[in-house]
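Data first, discussion second: the structure below is written as structure tokens.
Numbering (the working numbering), first residue to last: 5 to 135.
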């Protein structure tokens with residue numbers, strides 16, 4: 005597979021399917037694939053999404069752990085026509101692992117950029133609290 009990369013974007017949309025949406029891909033497989041094709045965790049695909057984004061959406065926690073330290077936690081992504089932060093994306097995709105890790109790393113639950121989504125995050129977390 006040849007990946008064309010221009011201006012920090014990798015153009016092959018099948019990349020997300022090939023490495024993150026298949027249950028057989030391991031963190032090592034992804035890291036090796038990225039290395040072979042000169043892809044970093046901050047590179048974006050044609051939709052403007054990163055490996056970090058796909059690790060949250062696909063609930064690939066081992067890949068998330070590898071990507072989180074190298075990712076911009078303030079970057080906004082489009083998810084269902086809304087601009088969201090990584091923690092908001094984690095809530096919207098019901099990725100409890102990523103939500104917990106991002107909160108523990110000090111991420112803000114409410115973004116000035118999208119207060120409605122921020123309020124939804126707080127509601128989600130409040131409802132998840134044990135009684």
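Note that beta-carbon positions come from the ideal geometry of N, C-alpha and C, so glycine has one too. Remember, predicted model here, so these are calculated numbers, not experimental data.
Exposure of residue i, with buried meaning 16 or more beta-carbon neighbours within 10 Å
i, result
"residue 95", "buried"
"residue 78", "exposed"
"residue 34", "buried"
"residue 43", "buried"
Presumed contact (8 Å Cβ cut-off) between residue i and residue j, rounded CB distance
i, j, result
"residue 75", "residue 37", "Contact doesn't hold; Cβ gap of about 18 Å is too wide."
Selection from the options that minimises the alpha carbon distance to residue i
i, options, result
"residue 105", "84, 43, 60, 53", "60"
"residue 69", "102, 62, 29", "102"
"residue 110", "58, 82, 73, 85", "73"
"residue 97", "83, 43, 51", "83"
"residue 51", "85, 107, 108", "85"
Residues of its chain near residue i, where Cβ-Cβ distance is below 7 Å and the 5 sequence neighbours each way are ignored
i, result
"residue 31", "66, 67, 70"
"residue 99", "60, 63"
"residue 54", "45, 46, 47, 48, 75"
"residue 108", "none"
Sequence-distant residues of the same chain with beta carbon closer than 8 Å to residue i, five excluded per side
i, result
"residue 57", "81, 90, 93"
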